[in-house]
Structure formats: structure tokens, C-alpha cells
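Student: Mind looking over this structure? Questions follow.
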Amino acid sequence: MTYTDYATGAPVTDTKAPFGPVHERWDKRRFEAKLVNPANRRKHTVIVVGTGLAGGSAGATLAEQGYHVVQFCYQDSPRRAHSIAAQGGINAAKNYRNDGDSVHRLFYDTVKGGDFRARESNVHRLAQISVEIIDQCVAQGVPFAREYGGLLDTRSFGGVQVSRTFYARGQTGQQLLLGAYQALSRQIAAGNVEMHPRTEMLDLIVVDGRARGIVARDLITGKIDTYFADAVVLASGGYGNVFYLSTNAMNSNATAIWRAHRRGAYFANPCFTQIHPTCIPRTGDHQSKLTLMSESLRNDGRIWVPKAKGDTRPPHRIPEDERDYYLERIYPSFGNLVPRDIASRAAKNVCDEGRGVGPGGQGVYLDFADAIKRMGRKAVEAKYGNLFDMYQRITDEDPYEVPMRIYPAVHYTMGGLWVDYDLQTTIPGLFAIGEANFSDHGANRLGASALMQGLADGYFVLPATINDYLARNPHQDPVTEQHPVVQEVLAETEDRINLLLAVDGDRTPDSFHRELGELMWEFCGMARSDAGLRKALERIPQIREEFWRRIKVPGTGEEFNQSLEKANRVVDYLELAELMCLDALHRTESCGGHFREESQTPDGEAARKDEEFSYAAAWEFTSTGEAPVLHKEDLVFEYVHPTQRSYA
Amino acid sequence: MKLTLRVWRQKNAGAEGAMSTYEVDDISPDMSFLEMLDVLNEQLILSGEEPVAFDHDCREGICGACSLVINGDAHGPERTTTCQLHMRSFKDGDTIDIEPWRASAFPVIKDLVVDRSAFDRIIQAGGYITAPTGAAPEAHATPVPKADADFAFEHAECIGCGACVAACPNGAAMLFTSAKVNHLNVLPQGAPERESRVLDMVAQMDAEGFGGCTLTGECATACPKGIPLMSITSMNKEWLRATRKAGKR
Chain L
1 MTYTDYATGA
11 PVTDTKAPFG
21 PVHERWDKRR
31 FEAKLVNPAN
41 RRKHTVIVVG
51 TGLAGGSAGA
61 TLAEQGYHVV
71 QFCYQDSPRR
81 AHSIAAQGGI
91 NAAKNYRNDG
101 DSVHRLFYDT
111 VKGGDFRARE
121 SNVHRLAQIS
131 VEIIDQCVAQ
141 GVPFAREYGG
151 LLDTRSFGGV
161 QVSRTFYARG
171 QTGQQLLLGA
181 YQALSRQIAA
191 GNVEMHPRTE
201 MLDLIVVDGR
211 ARGIVARDLI
221 TGKIDTYFAD
231 AVVLASGGYG
241 NVFYLSTNAM
251 NSNATAIWRA
261 HRRGAYFANP
271 CFTQIHPTCI
281 PRTGDHQSKL
291 TLMSESLRND
301 GRIWVPKAKG
311 DTRPPHRIPE
321 DERDYYLERI
331 YPSFGNLVPR
341 DIASRAAKNV
351 CDEGRGVGPG
361 GQGVYLDFAD
371 AIKRMGRKAV
381 EAKYGNLFDM
391 YQRITDEDPY
401 EVPMRIYPAV
411 HYTMGGLWVD
421 YDLQTTIPGL
431 FAIGEANFSD
441 HGANRLGASA
451 LMQGLADGYF
461 VLPATINDYL
471 ARNPHQDPVT
481 EQHPVVQEVL
491 AETEDRINLL
501 LAVDGDRTPD
511 SFHRELGELM
521 WEFCGMARSD
531 AGLRKALERI
541 PQIREEFWRR
551 IKVPGTGEEF
561 NQSLEKANRV
571 VDYLELAELM
581 CLDALHRTES
591 CGGHFREESQ
601 TPDGEAARKD
611 EEFSYAAAWE
621 FTSTGEAPVL
631 HKEDLVFEYV
641 HPTQRSYA
Chain Z
1 MKLTLRVWRQ
11 KNAGAEGAMS
21 TYEVDDISPD
31 MSFLEMLDVL
41 NEQLILSGEE
51 PVAFDHDCRE
61 GICGACSLVI
71 NGDAHGPERT
81 TTCQLHMRSF
91 KDGDTIDIEP
101 WRASAFPVIK
111 DLVVDRSAFD
121 RIIQAGGYIT
131 APTGAAPEAH
141 ATPVPKADAD
151 FAFEHAECIG
161 CGACVAACPN
171 GAAMLFTSAK
181 VNHLNVLPQG
191 APERESRVLD
201 MVAQMDAEGF
211 GGCTLTGECA
221 TACPKGIPLM
231 SITSMNKEWL
241 RATRKAGKR
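Quick look at the structure:
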């Protein structure tokens with residue numbers, strides 16, 4: 001049986017979301033949840049993997065509640081997770097502007113922006129909690145931007161018509177993360193959190209059908225150890241680094257979620273990836289990552305390419321009538337402000353036509369000449385100065401004089417481990433929060449919503465729902481390293497590490513990662529087709545086979561060894577990539593970040609097929625390279641009725 | 001570009017270290033400094049040598065992981081993080097010295113990687129506001145004057161990279177500590193713990209073995225985020241105030 005001959009298993013019918021009016025469901029769930037007596041909480045150990053916005057806030061909050069938290073991050077400090085790089089802001093339905101915003105409107109915008117592929121109950125809860133997040137962060141001392149009267153400032157973001165985005169200059173993610181890190185630090189000092197930095201989760205321990213611990217490697221000594229708990233929380237982020245080049249941090253990886261998937265957790269909507277339109281283009285083969293620039297630039301910059309193919313004249317020598325402001329031409333009412341997926345695809349199309357600019361023709365101009373003429377250089381500087389500086393530092397070009405060059409890049413993954421309303425995966429006792437789960441953004445995430453979801457999950461949702469799980473499972477048998485299941489997982493992990501070191505081939509971990517990334521970008525990137533995806537699905541097992549024959553990892557396993565860390569992550573990318581392609585192949589509709597070339601309207605727009613695909617695709621692992629089993633969770637829309645998006 | 005690199009190699013914390021010399025060729029001026037090191041490492045792996053270990057993650061100047069002393073300067077010749085330094089700042093044929101942060105409170109783990117956990121312990125000593133989840137009042141209940149909010153932000157920008165310590169001839173951590181003290185102490189939310197925060201954080205800083213401050217100002221010159229030298233003065237004022245207040249009690 002080939003990988004594409006997947007079976008369809010039983011549908012997912014119980015999401016644990018309560019019934020009743022959508023705005024009462026979260027209250028109802030919290031009331032129905034069993035509680036753990038405060039005196040008993042310290043007897044429960046919870047493992048949290050990751051210290052980004054979701055993990056940091058969850059670890060701190062669970063410890064405040066009295067649980068014993070054992071937390072891990074691969075970085076040298078819990079202050080560095082990639083949430084720190086988020087620039088734009090965080091949405092909240094505070095309606096401080098009196099501009100008609102409400103919880104319901106944020107709920108509506110998020111379901112619609114996700115192209116009707118998210119669960120209404122979850123999204124509504126997210127919108128409700130958004131207001132509490134801002135209160136919490138302000139109390140922690142997060143220095144949000146303020147007006148002269150001392151009240152919080154907001155801005156509008158990502159094409160919505162209200163001003164609900166709270167921000168701290170272009171460093172909102174950093175400030176929110178430091179707030180969570182400081183709360184976590186307080187709990188570490190109090191002895192409630194046992195923190196293991198520079199320690200990477202390599203596998204999940206499931207005993208008697210429940211998540212009971214993890215296997216992790218101390219990245220300094222190389223020692224592989226087991227850790228046990230009553231519940232495990234994965235807050236390990238997304239999997240954008242499958243593409244090699246992305247805006248993710250270099251060491252962000254998919255190992256924790258992929259290993260959990262291999263142990264029985266369903267993986268939902270893996271093909272839903274977000275490609276951000278305003279990134280700095282690559283300059284050559286040495287490129288190690290891509291840098292995003294806030295999409296607020298599209299408010300004043302005009303995007304264009306030359307009308308003629310292969311026009312190599314410098315931009316100022318191309319006269320006005322030989323320029324194609326293609327977004328303004330194709331989408332006259334939204335112009336340069338069309339949603340992320342549409343702007344990205346349009347850029348790809350003009351570059352594929354041979355009209356791209358810059359090295360390799362992989363770029364389009366984002367021109368501020370008109371804005372400077374209209375507003376004056378000073379005003380442009382005040383609004384975008386820090387972004388212009390960043391651009392100049394990286395490219396050595398002055399965007400006040402020469403148009404910026406931008407190109408889309410992989411930025412966020414909406415897919416992730418399938419979770420129910422309680423954020424619990426299909427393995428009892430295993431929870432997934434933040435970007436690691438699939439829950440709230442459907443097929444496309446709106447700007448300034450990632451920070452909101454990470455903190456909602458970590459500060460408010462998980463601490464309420466995990467109570468219920470622990471209260472219902474109060475006396476689990478203790479697990480020790482001698483347990484046969486633990487011995488088996490430990491042996492598998494050690495074998496994998498030893499094998500990576502033993503092959504002693506002639507290719508580096510990076511060379512395989514780059515090859516896989518290029519394949520994924522071409523066939524499972526901005527536009528996907530049946531033929532392309534089949535090509536990728538044929539090629540991935542070949543790369544995997546070659547990997548295990550030719551990989552070269554110097555050094556030993558008993559030391560600080562960054563090549564070994566990298567190689568082990570690439571092992572998992574080589575499996576996850578296959579599932580992403582299969583998911584993209586099976587979903588023969590276009591929706592959100594997933595564009596199938598076969599499914600478009602006569603004028604080239606994405607065509608969603610609600611009759612066939614109004615479900616979340618949750619995949620069950622069988623064996624490496626073997627067809628997984630598809631479980632469908634039907635999506636029901638009671639409040640926001642699906643419509644085809646139109647931006648013309 | 002063709003370059004000669006002299007790189008600090010040290011097997012582990014207990015081993016003796018030494019500078020090793022390597023040649024790299026075909027370096028593009030558009031590469032970042034870390035991408036240049038990637039090229040060196042690919043070369044080393046293929047020739048069967050161990051690659052040079054260095055800390056890095058976001059590669060966009062915000063996570064604070066990267067930490068190299070380049071030709072004697074923390075983060076190199078430009079005022080930015082190592083990951084945002086580009087090879088156009090160097091010339092074809094240059095010899096470049098690359099070393100780890102050097103400070104007794106930051107022991108070397110391997111090659112260019114150091115242990116900065118002392119910074120985490122300074123934050124744990126008081127670099128937070130006690131506000132358990134759920135206990136927060138409505139965000140607009142306490143307005144914060146814009147000037148205070150901006151002052152807090154300016155200090156909150158610290159990325160905890162440790163360049164200030166690496167640049168200081170005394171290996172002092174005053175700029176790092178003062179950045180957090182000032183961020184939180186100026187805010188009304190931080191007022192209840194204002195005294196204990198500065199006293200506890202400074203005590204922890206001293207306990208970690210960081211050197212004393214002699215106001216040479218190298219820290220603020222090296223800081224990629226522009227935390228001002230005045231930050232130290234402000235913290236000293238906070239510390240004096242807290243000490244006197246504690247004496248009166």
C-alpha cells in the first residue's frame with residue numbers, strides 16, 4: 001500500500017465543547033470542570049515543554065495554582081523563545097476606541113479570516129478571553145504604547161475595520177514574552193517550577209494509554225533522561241522550519257509534536273501554512289533564514305513590478321507607464337491591502353511570469369516614493385523609521401531612495417496537534433497549546449492573533465481545563481524508569497541518536513534540510529497542484545532513504561553537539577513533510593493559506609468547497625512511510641455563515 | 001571575499017582553550033556574520049572536524065542568543081547584534097578574531113558558547129511584578145503617564161545578550177540589572193515592590209560574581225539595544241533610596 005492510499009477512519013464526533021449559546025459555553029465548561037483541592041495540587045506534577053508565550057504563561061500560572069511544574073526549553077534561557085520576534089501587536093476586543101468593536105466582532109473576524117475552517121466554540125472563547133489578557137499583561141508591567149492621557153493606544157491591523165491591536169512599538173512579542181518569563185521566574189525562585197534550559201524533548205512516554213512523561217536530552221552533557229508527570233503540555237511552537245527558509249528561529253523545530261504524533265496524537269490540517277507577503281528576499285544560497293517586516297508597510301507602500309519580462313533597468317529608470325501596480329490593477333477596491341495569502345500568491349505569479357526584480361528575479365518592489373511625496377519624508381520616518389533601518393542594515397540599500405524589494409516567506413503554521421475544546425490531544429493527559437495545536441485560526445491566521453492565542457491558551461484556558469483532567473485522574477500509579485514501556489522508549493531514542501552518529505556519510509544535516517525545504521517550497525508552498533504534490537510525495541521517501549545512508553554527524557552523543565541536534569530535527573522534518581503533502585493533496589479545495597491550482601474561480605481566485613471540505617482533517621499515524629488514517633471533524637457554523645471571500 | 005578566521009576552540013568547560021586558524025573563501029558581502037560561520041562549519045563537518053559551537057536562534061536581533069567577541073568588540077564593529085552584522089563590514093583578505101564572551105560569571109560551555117544563567121537568577125531575585133494570573137484589575141484603572149511608559153519601554157528593550165558584561169573591563173552586570181530595575185520601578189504597577197526589587201537584584205548580581213562598576217561606559221557603547229548609561233545612575237538612586245528607607249524601618 002502506498003502512502004497516498006490512506007484509509008478514512010471514524011469521524012471525530014466529541015470535541016468536548018458544551019452546547020448552548022456560544023457566549024455561555026466557556027462559563028459552562030469551567031463550571032462543569034472538576035477542581036483539584038488546593039492542598040492536593042502540589043502532589044501533581046505537570047511537564048511543560050517550551051517557554052514561549054503559551055508555555056511561559058502556562059508554566060507560571062499552573063505553578064501559581066499550586067501544581068509542581070517541570071519545564072523545558074532548548075534555549076539557554078526561558079526568555080528567548082521565538083514568540084519574542086513577533087512585531088505587530090496583540091488583538092483584544094476592549095472597544096476602547098468606541099469604534100463598534102465587541103467580542104462578537106472579533107469572533108466573527110477570526111472565523112471569517114480563517115476561511116471557515118476553525119471551530120466556532122474555540123474562537124469565541126478566544127475573543128472573550130482577549131480582554132483579560134490585556135489586563136493581565138498591564139498588571140505585569142508590560143510597557144504597551146500609551147496616549148498622552150496615560151491610557152493605552154491601539155491601532156488597526158491586518159485589514160480589519162476596528163482599532164483593536166495593542167502594541168509595544170515593533171516589539172510586542174518581546175514585551176509580552178518577557179512578562180510571561182518574569183512571572184515564570186518568580187515561580188522558579190519560589191521552587192514551584194523546576195526549569196531545565198538547554199534540554200530538548202526527544203520523545204513522549206505513554207503508559208496505559210496516558211501521557212506520563214518525556215524523554216529529553218541535556219544539550220550540554222548529552223545525557224538522555226526521563227521525566228515523569230501526571231500530565232504533559234506541549235507548547236513547542238509551529239513547524240514552519242520544514243521549509244528550511246522561514247521567518248522562524250533557526251532552532252525552532254517540530255520534534256516534540258511529531259514524536260507525540262507518532263505516539264498516537266492526531267495531527268490536524270498539516271497543510272495549512274501561512275506565507276507572509278512582506279519579507280526581505282533571499283540574496284543567495286548561503287541564506288539561513290528570512291526576515292519579516294511588519295505588513296503595516298503595505299498601508300503606504302505601493303507594490304509593483306516592470307510590465308516587461310526580464311526588464312533589468314534600475315527602478316528609477318523604469319517610467320511610470322512601464323510599471324505594473326498589479327495589486328491595484330487586479331483588486332481595485334482593496335489594492336495593496338488585500339489579505340496575506342492573496343498578496344503572497346500575486347507576488348509569486350508575477351515572478352513566475354519572469355517579471356520579478358532583484359537577484360534571481362525573486363522579489364517585487366514596495367515603493368514609498370509616492371508616500372514620501374504625499375506625507376513628506378519626516379512623516380514616513382516617524383511611521384516606519386525602524387523598519388526602514390532594519391531593511392537598510394540587511395540589504396545595504398536606502399529605502400528612502402530606492403524602492404524596497406520584498407518576497408513572501410513561510411511565517412506561521414495554522415495546523416498542529418489536534419485538540420478538543422479542553423486543548424487535550426487524542427492521547428489522554430497530553431495537551432497542546434499555542435502554535436503547536438491547530439485550534440483557532442482555521443486555514444489562515446489574522447495579524448496580531450498569534451500572541452492573543454498563545455497567551456489565552458497559557459494563562460486562562462489550559463489552567464482551567466487541566467484541572468478537570470487531574471481531578472478525574474487523581475491517583476495514577478507512579479511510573480519509573482524501570483517500567484518496560486519507558487525502557488523501550490528510552491532504547492528507541494538512544495538507538496536513533498547512535499545511528500545518526502554511526503552512519504558517518506558525506507552530507508551535512510543542513511544539506512538535507514535545504515534540499516527538503518526547496519522541494520516543499522516548490523510543491524507545497526504558495527500554490528499546490530495534484531501533479532506537484534505527487535512529485536514531492538515521490539521524492540521525500542527518497543531523500544529520507546538517502547539521509548540514513550549519507551548523513552554525517554561529527555563528534556559524540558555525550559557532549560554539546562549542535563550537528564547532532566540539527567540532524568535529529570531533520571529526521572522528523574523528513575516525516576512531517578510527507579504528511580503535509582498528503583494533507584494538501586487530499587484537500588482538493590483552495591482555502592486560506594492552502595491554494596490548490598485545480599480549485600480556482602474563472603478569474604483566478606481561490607475557490608472553497610464547503611460541501612466537501614468543511615472539516616478539520618485529523619491524521620492518525622501508522623508507521624513511517626505508511627499511509628496514515630484520516631479522521632474528520634465536521635465543522636458546524638451556527639453563528640458565522642460561510643461566504644466566499646471577495647476582495648475585488 | 002577570502003578571510004582568515006582565528007577562532008576560540010574549547011572542548012568543554014573543564015578543558016583548556018586556544019585560538020585555531022581557518023580560511024574561508026567565496027564569502028559574499030551580503031552574508032550575515034553567522035552565515036559566514038555556517039559556511040565554515042559546513043566545511044569543517046565535511047572534512048571530519050567538529051564544527052565551531054556558537055549560540056544563535058532568531059537571527060533577527062531580538063532573542064539575545066548570539067554572543068561573539070569579534071576583533072575585541074562584543075558583537076563586532078557595528079552597534080548591533082552579531083546576527084545582524086553583515087560581511088560588508090569587513091574587507092577581502094581580513095583576519096578576524098572570534099572569541100566567546102569573557103567574564104568570570106559567564107563560564108565557557110564549549111567554543112563560543114557561554115553559560116549566562118546568572119542573568120536568569122538576577123531576574124528571579126526580583127525582576128518581576130507579583131501579579132498572579134486572574135488577579136489583574138482592568139487595564140485602564142491605572143493610567144501611566146506617557147513619559148513614564150516610554151522610559152519603561154526604553155529599558156525593557158534589553159535582550160539579555162550579555163554584551164554589556166563582555167565589554168566591561170570589570171565584567172560588571174550593572175547595565176543589565178539596571179535596565180530591569182528601571183523598567184519596573186517607574187511603573188505604578190511596580191511600586192509596591194520597588195525597594196525589595198532593587199535590593200534583591202543587586203544582591204544577587206553581586207553573589208553571581210559580576211565585577212563592580214567604575215562607570216567606564218563600555219557597556220552602553222556595546223549594547224545593541226541602546227540602553228543608556230544613565231540607566232546605571234537611575235538604579236543607584238533607587239538603591240540608595242531603598243537602603244535609606246530600609247534603615248529607617
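Residue numbers (the working numbering), protein chains in the order written: chain L, 1 to 648; chain Z, 1 to 249. Ideal placement from N, C-alpha and C gives every residue a C-beta, glycine not left out.
Under 9 Å between beta-carbons, which chain L residues line up against residue 119(Z)? List them in chain order, please.
Tutor: Within chain L, the residues near residue 119(Z) are 77 and 79.
Student: Could one say the Cβ of residue 84(L) lies closer than 8 Å to chain Z's Cβ atoms, at least one of them?
Tutor: At least one chain Z Cβ lies under 8 Å of residue 84(L).
Student: Using only the alpha-carbon positions, how far apart do residue 288(L) and residue 216(Z) sit?
Tutor: For residue 288(L) and residue 216(Z), the distance between alpha carbons rounds to 37 Å.
Student: Under the assumption that residue 82(L) contacts residue 164(Z) (Cβ atoms under 8 Å), give the Cβ distance between them as a whole number of angstroms.
Tutor: With 8 Å as the limit, residue 82(L) and residue 164(Z) do not qualify as a contact, their Cβ atoms being about 24 Å apart.
Student: When the distance is taken between beta carbons, is residue 433(L) closer than 8 Å to residue 260(L)?
Tutor: Not in contact: residue 260(L) and residue 433(L) (Cβ atoms no closer than 8 Å).
Student: Are the C-beta of residue 252(Z) and some C-beta of chain L separated by less than 8 Å?
Tutor: The question about residue 252(Z) has no answer, for chain Z in this structure spans 1 to 249.
Student: Measuring CA to CA, which of 29(L), 40(L), 49(L) and 128(L) is closest to residue 65(L)?
Tutor: Among 29(L), 40(L), 49(L) and 128(L), the Cα nearest to that of residue 65(L) belongs to 40(L).
Student: For residue 196(L), which residues in chain Z fall below 7 Å Cβ to Cβ?
Tutor: In chain order: nothing, as chain Z lies at least about 11 Å away.
Student: DSSP state of residue 218(L), grouped into three classes?
Tutor: If DSSP states are grouped into helix, strand and coil, residue 218(L) belongs with the strands.
Student: Does chain B have any CB closer than 8 Å to the CB of residue 31(Z)?
Tutor: Absence of chain B from the displayed structure is noted, the protein chains being L and Z.
Student: Beta carbon of residue 278(L), beta carbon of residue 293(L): below 8 Å?
Tutor: Closer than 8 Å, so yes.
Student: Scan the stretch 192 to 217 of chain Z for residues whose Cβ lies nearer than 7 Å to a Cβ of chain L and list them as they occur along the chain.
Tutor: For the stretch 192 to 217 of chain Z, which is checked against every Cβ of chain L, not one residue is closer than 7 Å.
Student: Compare the C-beta of residue 510(L) with all C-beta atoms of chain Z and state if any pair is closer than 8 Å.
Tutor: Residue 510(L) counts as touching chain Z.
Student: In whole angstroms, give me the CA-to-CA distance for residue 538(L) and residue 153(L).
Tutor: Going by the C-alpha atoms only, they are around 52 Å apart.
Student: Could you have a look at residue 82(Z) and say whether DSSP puts it in helix, strand or coil?
Tutor: Note: residue 82(Z) maps to helix in three-state DSSP.
Student: How many Å lie between residue 190(L) and residue 129(Z) at the Cα?
Tutor: Residue 190(L) and residue 129(Z): Cα-Cα distance of roughly 14 Å.
Student: Since I believe residue 257(L) is in contact with residue 436(L) (beta carbons under 8 Å), could you give me their beta-carbon distance rounded to a whole number of angstroms?
Tutor: With a Cβ gap of about 5 Å, residue 436(L) and residue 257(L) count as contacting.
Student: So, are the CB atoms of residue 12(L) and residue 633(L) less than 8 Å apart?
Tutor: In this structure, residue 633(L) lies closer than 8 Å to residue 12(L) by Cβ.
Student: Does the stretch 120 to 137 of chain Z come close enough to the stretch 31 to 42 of chain Z to have 3 or more Cβ pairs within less than 8 Å?
Tutor: Because the criterion of three Cβ pairs below 8 Å is not met, the stretch 120 to 137 of chain Z and the stretch 31 to 42 of chain Z do not touch.
Student: In chain order, what residues of the stretch 104 to 134 of chain Z put their CB closer than 9 Å to some CB of chain L?
Tutor: Listed by position, the residues of the stretch 104 to 134 of chain Z near chain L (Cβ gap below 9 Å) are 109, 110, 111, 113, 114, 115, 116, 117, 119, 120, 121, 123, 124, 125, 126, 127, 128, 129, 130, 131, 132, 133 and 134.
Student: Against chain L, does residue 283(Z) count as a neighbour if the rule is that its beta carbon must be under 8 Å from one of theirs?
Tutor: The structure shown has nothing for residue 283(Z), since chain Z only spans 1 to 249.
Student: Give me the residue from 530(L), 547(L), 213(L) and 525(L) with the minimum Cα distance to residue 593(L).
Tutor: Per the Cα distances, 525(L).
Student: Would you check if the stretch 72 to 90 of chain Z and the stretch 170 to 180 of chain Z touch, i.e. whether three or more CB-CB distances between them fall below 8 Å?
Tutor: Cβ pair count under 8 Å is below three, so no.
Student: Could one say the Cβ of residue 250(L) lies closer than 8 Å to chain Z's Cβ atoms, at least one of them?
Tutor: Output row for residue 250(L): interface = yes.
Student: Quick check: residue 579(L) and residue 541(L), are their CB atoms within less than 8 Å of each other?
Tutor: Going by C-beta atoms, residue 579(L) is not nearer than 8 Å to residue 541(L).
Student: Closest to residue 416(L) by C-alpha separation, out of 408(L), 409(L), 406(L) and 431(L), would be which residue?
Tutor: Ranking the options by Cα distance to residue 416(L), first place goes to 431(L).
Student: Taking Cβ-Cβ distances shorter than 7 Å, what residues in chain L pair up with residue 84(Z)?
Tutor: Going along chain L in sequence order, the residues near residue 84(Z) (Cβ under 7 Å) are 393.
Student: Put residue 17(Z) into one of helix, strand or coil per three-state DSSP.
Tutor: Coil, per DSSP.
Student: Rounded C-beta distance between residue 367(L) and residue 332(L)? I'm assuming under 8 Å.
Tutor: The pair is not a contact, with the Cβ atoms about 18 Å apart (cut-off 8 Å).
Student: Give me the DSSP bridge partner(s) of residue 274(L).
Tutor: Note: residue 274(L) sits in a beta bridge opposite 412(L).
Student: Name, going along the chain, the residues of the stretch 53 to 79 of chain Z whose beta-carbon falls closer than 7 Å to a beta-carbon of chain L.
Tutor: Listed by position along the chain: 53, 55, 56, 57, 58, 59, 60, 62, 63, 64 and 65.
Student: Using a Cβ cut-off of 9 Å, pull out every chain Z residue sitting near residue 554(L), in sequence order please.
Tutor: Ordered by position in chain Z, the residues that pass the 9 Å Cβ test against residue 554(L) are 44, 45, 48, 49, 50 and 51.
Student: Could you list the residues in the stretch 309 to 324 of chain L with a C-beta less than 9 Å from some C-beta on chain Z, going in chain order?
Tutor: Residues passing the 9 Å Cβ filter: none.
Student: Could you name the residues of chain L that residue 162(Z) contacts, counting a contact when the two beta carbons are closer than 8 Å?
Tutor: Simply none; closest approach about 10 Å.
Student: Below 8 Å between beta carbons: does that hold for residue 263(L) and residue 429(L)?
Tutor: It is not a contact, given that the beta carbons lie outside the stated cut-off.
Student: Indicate the three-state DSSP secondary structure (helix, strand or coil) for residue 460(L) in the structure shown.
Tutor: Three-state DSSP puts residue 460(L) in a helix.
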